[in-house]
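So the structure is just underneath, and the comments pick up after that.
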């Protein structure tokens, strides 16, 4: 069975510097629950239990020891992977292979993926500057008023809202959230094309 992979998810629009780097472990098979939820949270298998049918993307280790991401059908269109100027939209049932430095974006969030190698075991996500589970860090900062509650869900980020040069007509429909391009200048050098697979590979027993 493929070995878990240690990764770090860098929040490109973090509401607080201490929440910028989230240390995670991706496990084998697309059913391993390391999830990017629609509201911006990164959820682990225990938190996600019993929430089948929710909207999210899953990060996992494929049967051939690659890091992959796949979008579940309830997740709205717009989730994508970016690499050196290339973009691939995530489609339900079609995993995309991730490389170090790739960007994973969906409405309301943009993460840069840092791959650190094999991990000994699965572990609950923790922030780099914290020695506690990520969910405890978020609750503590919110209770202390350091971050707004809306920041926990990725709502209201001004850099992710469309810019309207003309005043909106009264009664106009709200504009959809726009996924920003990665904020970091990506390298101009040639890189591997983004690989999308028709289906997840079988996991070896």
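Residue numbers (our numbering): 7 to 211.
Virtual Cβ for every residue (Gly too), placed ideally from N, Cα, C.
Does the beta-carbon distance from residue i to residue j come in below 9 Å?
i: residue 10; j: residue 124; result: yes
i: residue 29; j: residue 129; result: yes
i: residue 75; j: residue 87; result: yes
i: residue 113; j: residue 82; result: yes
i: residue 14; j: residue 120; result: yes
i: residue 85; j: residue 72; result: no
i: residue 18; j: residue 109; result: yes
i: residue 92; j: residue 199; result: yes
i: residue 118; j: residue 16; result: yes
i: residue 69; j: residue 24; result: no
i: residue 44; j: residue 32; result: no
i: residue 41; j: residue 64; result: yes
i: residue 115; j: residue 105; result: no
i: residue 131; j: residue 48; result: yes
How would you write the range of the alpha helix (DSSP H) that residue i sits in, first residue to last?
i: residue 22; result: Here residue 22 belongs to no alpha helix (DSSP H), and DSSP marks it neither H nor E.
i: residue 134; result: Segment: none, residue 134 is in no alpha helix (DSSP H) and carries neither H nor E.
Between which two residues does the beta strand (DSSP E) holding residue i run?
i: residue 104; result: It is not in any beta strand (DSSP E) - residue 104 carries neither H nor E in the DSSP assignment.
i: residue 47; result: Counting along the chain, residue 47 falls outside any beta strand (DSSP E), and DSSP gives it neither H nor E.
i: residue 34; result: Here residue 34 belongs to no beta strand (DSSP E), and DSSP marks it neither H nor E.
i: residue 40; result: Run containing residue 40: none; DSSP gives neither H nor E here.
i: residue 73; result: 73 to 77
i: residue 95; result: 92 to 95
i: residue 124; result: 115 to 124
i: residue 86; result: 86 to 89
i: residue 153; result: Segment: none, residue 153 is in no beta strand (DSSP E) and carries neither H nor E.
i: residue 65; result: 62 to 67
DSSP three-state label for residue i, please.
i: residue 141; result: helix
i: residue 127; result: coil
Please classify residue i: is it buried, with 16 or more other beta-carbons within 10 angstroms of its beta-carbon, or exposed?
i: residue 153; result: buried
i: residue 151; result: exposed
i: residue 228; result: One cannot answer for residue 228 here, as it falls past the ends of the chain, which runs 7 to 211.
i: residue 146; result: exposed
i: residue 213; result: Since the displayed the chain opens at 7 and closes at 211, residue 213 lies outside it and no answer follows.
i: residue 7; result: exposed
Could you confirm whether any beta carbon from chain C is found closer than 9 Å to the beta carbon of residue i?
i: residue 12; result: As a matter of chain content, chain C is missing from the structure shown, which is built from one protein chain.
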